[in-house]
Each structure stands twice: as C-alpha cells, then as structure tokens.
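Mapping the sequence shown onto UniProt numbering, position 100 (from 1) lands on 100, and the numbers just tick up by one.
A quick write-up on the structure given underneath.
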Amino acid sequence: MKLFASTLLASCVPSACLAVVHSTWAFDKIPPAGLRDITFAFNVANAPHRVGFYFAQQFNFQNISKVGYTGLQPQVDVNGNSVIRGVFSSFQNGTTTNHPNCRPGADGGPGVSCGFIFPANYNHKFNMTVQNIGNTTWRGTAVDTVTNNATEIGVWTLPPTSGGILDSQLGFVEYFPWNNGKPHNCSTLPFTEVTMFNPTSKTTGASGGKITSVYEQPNLCEHLVNFSDTLVPGGHDIKVGFL
Ligand SMILES: *[C@@H]1O[C@H](CO)[C@@H](O)[C@H](O)[C@H]1NC(C)=O
Ligand SMILES: *[C@@H]1O[C@H](CO)[C@@H](O)[C@H](O)[C@H]1NC(C)=O
Ligand SMILES: *[C@@H]1O[C@H](CO)[C@@H](O)[C@H](O)[C@H]1NC(C)=O
Ligand SMILES: *[C@@H]1O[C@H](CO)[C@@H](O)[C@H](O)[C@H]1NC(C)=O
Ligand SMILES: *[C@@H]1O[C@H](CO)[C@@H](O)[C@H](O)[C@H]1NC(C)=O
Ligand SMILES: *[C@@H]1O[C@H](CO)[C@@H](O)[C@H](O)[C@H]1NC(C)=O
Ligand SMILES: *[C@@H]1O[C@H](CO)[C@@H](O)[C@H](O)[C@H]1NC(C)=O
C-alpha cells in the first residue's frame with residue numbers, strides 16, 4: 001500500500017492516505033485571520049462497538065504546513081458500558097504539550113497525539129470541538145450534545161508563527177488495522193456506519209461550513225466493499241464494509 005501513500009502524500013497524512021473513505025469540507029467564508037474554533041459533529045449510533053475504525057476530520061492552520069485532526073474511535077464495551085476514544089492530534093513539528101492525555105509524536109512522525117477513552121452513549125451525537133484558548137494553544141473537546149457533558153481530549157501549542165484554522169480540508173473513515181504496511185483483503189472489511197455533520201464555527205465572519213463530498217479512496221478498496229453515502233439533514237451518513 002506504500003504506492004498509494006507516496007502518490008497521495010501531498011494531500012493527506014500517512015494514515016489518512018490509507019482510509020477507505022474520504023470526505024472534503026469547506027466554509028463559504030472565513031475571516032482573514034482564520035477560525036478561532038471549529039466543530040465537527042459525528043453520530044456513531046450504528047457503529048459496532050469494536051476497535052478498528054477511526055472517523056476523523058482534518059484541519060490546517062495559517063503559516064504552518066501540517067494538519068491536525070480530531071475524531072472518534074469506537075471501542076469494546078467495558079463491563080457492559082459503552083466507551084469511545086476521542087482523538088485530537090497535530091502533525092506539526094514543534095507542537096508542544098504538557099496535557100496528561102497527550103504524548104509527543106503523531107503516526108510515527110513529529111507532532112503531538114492526544115487520545116482519551118470516555119463513557120459514551122453511542123446514540124448521542126458528539127461535537128468534536130477545536131478551540132483556541134490563547135496564543136497558539138488549542139483545546140480539543142468531545143461534547144455529548146444530549147447531556148452537554150464536555151470531555152477534554154487534549155491541549156497542544158503550535159509554533160508561534162501559526163495562525164487561525166483555514167477554510168477547508170479532508171475527513172476520512174479509516175480501518176487502522178490495515179496501516180501495518182501488509183497487503184489486506186478488501187472482502188474482510190467489517191461494517192461500520194457514521195454520520196459526519198457539516199463543520200460549524202462561532203468565529204465572527206465564518207459561514208457556510210459544509211461537507212462537500214464523500215468518496216471511496218481510489219485504488220484502495222474502491223468498488224470492492226459495500227459503500228453508501230446518503231445525504232441526511234446537516235450532513236452525510238456513510239456506510240462501509242460487510243455485515
Ligand atoms: C523538527 O524540529 C527540530 C527542531 O527544530 C529539528 O531538529 C528536526 O529535524 C525537525 N524534524 C522534522 C521531521 O522536521
Ligand atoms: C462527563 O464525562 C466525564 C468524562 O468522560 C465522565 O467522567 C463523567 O461521568 C460524565 N458526567 C456525566 C454527568 O455524564
Ligand atoms: C500567551 O503568551 C503570553 C506571553 O508569552 C503569556 O504571558 C501568556 O501566559 C500566554 N497565554 C496562554 C494562554 O498561553
Ligand atoms: C454542537 O454543535 C452545534 C453546531 O455547532 C451547536 O449548535 C450545538 O449547540 C453544539 N452542542 C453542544 C452541546 O455544544
Ligand atoms: C504568517 O506569516 C506572515 C508572513 O510571514 C506574517 O506576516 C503573519 O503575521 C503570520 N501570521 C501569524 C498569525 O503569525
Ligand atoms: C478474502 O476474503 C474473503 C472473505 O473472507 C475470502 O473468501 C477470500 O478468499 C480472501 N481472498 C484472499 C486473496 O485471501
Ligand atoms: C454487502 O454486499 C454483500 C454482497 O457482496 C451482501 O451480501 C450484503 O448484504 C451487503 N450489505 C452489507 C451491509 O454488508
């Protein structure tokens with residue numbers, strides 16, 4: 001799968017390059033200094049409680065080249081209670097953190113990765129929010145939109161030259177057991193489902209955030225797995241893999 005990684009390296013981080021489904025998002029308008037916050041909502045009500053899939057949205061910042069991403073990874077129930085892992089990472093060299101959920105490095109390269117497993121009702125929609133909390137420091141939070149309970153996933157600081165969040169990037173559905181560099185069999189992709197909602201921002205001057213497309217990653221398992229993309233109010237419902 002190295003072939004696809006090298007041809008697509010310019011447009012996505014290594015793990016995203018191996019994602020079976022990609023999406024794109026964009027705002028119609030953002031202010032010149034970029035966004036100070038962005039929210040990507042996800043509904044995972046029909047996602048099996050198994051480890052393997054990562055539902056993510058990436059974002060770029062002014063004046064630095066590498067993306068950050070945030071999203072959710074379903075987990076196996078613990079003592080009959082459902083839990084999920086929230087992720088919030090930066091691939092930018094020079095990103096710093098002292099948050100207990102975070103560690104240096106991201107997907108084997110520079111950056112900072114934050115992850116936190118928390119009790120989660122899969123029937124509730126989650127807002128994954130990225131918010132500037134001063135200077136170039138950003139906080140990632142998972143908010144249960146039914147209970148309003150907010151779980152801090154992590155906090156990291158980008159290099160001092162970095163600015164606000166840019167107006168467009170990619171999202172993806174990744175089956176990460178396949179990131180081991182070995183050949184994989186598309187017929188064995190487990191089923192999952194996620195609704196990805198249009199991005200929103202409270203930053204003054206931001207409007208028209210939308211998921212602009214959803215598509216199977218070319219050449220990975222395109223046309224070899226069940227896949228559907230259905231428009232639902234405020235977003236896209238994505239099904240992929242075999243029951
Ligand atoms: C990251 O930055 C450090 C310090 O500036 C530098 O030594 C290192 O080579 C950089 N690493 C990468 C992968 O760019
Ligand atoms: C809110 O979330 C935290 C962290 O996930 C959890 O420990 C706590 O029990 C939750 N509180 C409520 C009222 O659900
Ligand atoms: C922002 O930077 C200033 C100057 O270095 C510092 O005093 C302040 O504590 C920083 N604020 C945050 C939230 O990091
Ligand atoms: C979740 O995000 C939506 C869209 O930005 C917002 O309207 C809603 O108030 C948020 N919910 C919570 C609980 O933060
Ligand atoms: C981004 O870089 C430009 C050109 O170097 C600089 O003028 C601008 O102030 C930088 N933005 C931020 C937020 O530091
Ligand atoms: C791929 O998996 C399917 C379903 O388990 C199996 O029938 C098929 O033989 C596998 N193909 C290869 C090349 O291993
Ligand atoms: C997927 O496709 C197979 C045939 O290739 C079919 O049997 C199955 O019902 C489809 N749906 C799901 C959700 O797996």
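Virtual Cβ for every residue (Gly too), placed ideally from N, Cα, C.
Tell me the residue span of the beta strand (DSSP E) that contains TRP178.
Looking at the DSSP string, TRP178 is not in any beta strand (DSSP E), and its letter there is neither H nor E.
On the CB-based measure, 16 or more other CB atoms within 10 Å of its CB, does ALA10 come out buried or exposed?
Confidence at ALA10 is low in this model, with a pLDDT of 35, below 50, so the placement of that residue is unreliable and no value is reported for it.
Quick check: is any heavy atom of ligand 2 less than 7 Å from the C-beta of PHE118?
yes
Rounded separation between LEU231 and ASN179 - CA only:
29 Å
Spatial distance of ASN60 from LYS66 (CA atoms)
7 Å
So PRO31 and GLY209 are supposed to be a Cβ contact under 8 Å. How far apart are they, rounded?
The pair is not a contact, with the Cβ atoms about 13 Å apart (cut-off 8 Å).
Less than 8 Å between the beta carbons of GLY115 and PHE91, yes or no?
no
Between which two residues does the beta strand (DSSP E) harbouring VAL130 extend?
126-132
Less than 8 Å between the C-beta atoms of VAL173 and PHE53, yes or no?
yes
Within this structure, are the beta carbons of ASP167 and PHE42 separated by less than 8 Å?
no
Closer than 7 Å: is that where the CB of THR97 sits relative to any heavy atom of ligand 6?
no
What does DSSP give as the partner residue(s) for ALA150 in the beta ladder?
VAL143
SER113 - DSSP class collapsed to helix/strand/coil:
strand
Express the C-alpha separation of LYS125 and ALA5 in angstroms, rounding to a whole number.
Note that ALA5 scores 32 on pLDDT, short of 50, meaning its location in the model is unreliable; the coordinates nonetheless yield the value given after this. So the alpha carbons of these two residues sit roughly 32 Å apart.
How would you call ASN226, buried or exposed, if buried means at least 16 neighbouring beta carbons within 10 angstroms?
exposed
Of all the options ASN219, ILE64, LEU72, which has the alpha carbon lying nearest to the alpha carbon of GLN57?
LEU72
DSSP has ILE165 in a bridge; who is on the other side?
LEU35, PHE61
Using the rule of at least 16 other Cβ atoms within 10 Å of the residue's Cβ for burial, across every protein chain shown, is SER113 buried or exposed?
buried
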